[in-house]
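In mature numbering (1 follows the signal peptide of the UniProt record, and there is no 0), the protein residues as written are -22 to -1, 1 to 97.
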């Protein structure tokens, strides 16, 4: 699995800023009521390899924690600000969105967001 450079939030960023591809529907991540602990527990249960990768990047963990701690109505704004501040992330994510690996990653993120309330 590719290195998770921009954390799980990166896929949501791709959804906001991927004009060259059909933007994935990651509203479950943006709108989740789960906290960081629930998301990490779901990630550990459903995608342990991805969870391990995430744990190797404290800055990504911190970004995810901050993102999930923000009120739901502010998360879209956070993603737009991140996109503006880090255009290189946008370019990297745009390249990955249309790949098979990108689709698998997207599906995992959506599954985690849809089930994290069970943890």
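Backbone N, C-alpha and C define an ideal beta-carbon position, used for all residues, glycine too.
N-terminal and C-terminal residue of the alpha helix (DSSP H) that residue i is part of
i	result
residue 6	5 to 9
residue 116	This structure leaves residue 116 out entirely; the chain is present only between -22 and 97.
residue 19	14 to 24
residue 54	50 to 63
Given residue i as reference, the closest of the options once Cα atoms are compared
i	options	result
residue 24	7, 90, 5	90
residue 46	18, 65, 27, 71	18
CB contact flag (residue i, residue j, <8 Å)
i	j	result
residue 29	residue 93	no
residue 48	residue 56	yes
residue 11	residue 85	no
residue 97	residue 16	yes
Helix, strand or coil at residue i [DSSP, three-state]
i	result
residue 45	helix
residue 89	helix
residue 34	coil
residue 80	helix
Nearest-angstrom beta carbon gap, residue j and residue i [assumed within contact, 8 Å]
i	j	result
residue 88	residue 4	7 Å
residue 43	residue 14	4 Å
residue 8	residue 74	Between residue 74 and residue 8 the Cβ distance is about 19 Å, and since that is not below 8 Å, they are no contact.
Residue i: CB within 7 Å of a non-hydrogen atom of the ligand MG
i	result
residue 66	This structure lacks the ligand MG; in fact it carries no ligand of any kind.
Proximity test, Cβ basis, 8 Å: residue i and chain C
i	result
residue 84	Judged by its chain identifiers, the structure shown contains no chain C, having just a single protein chain.
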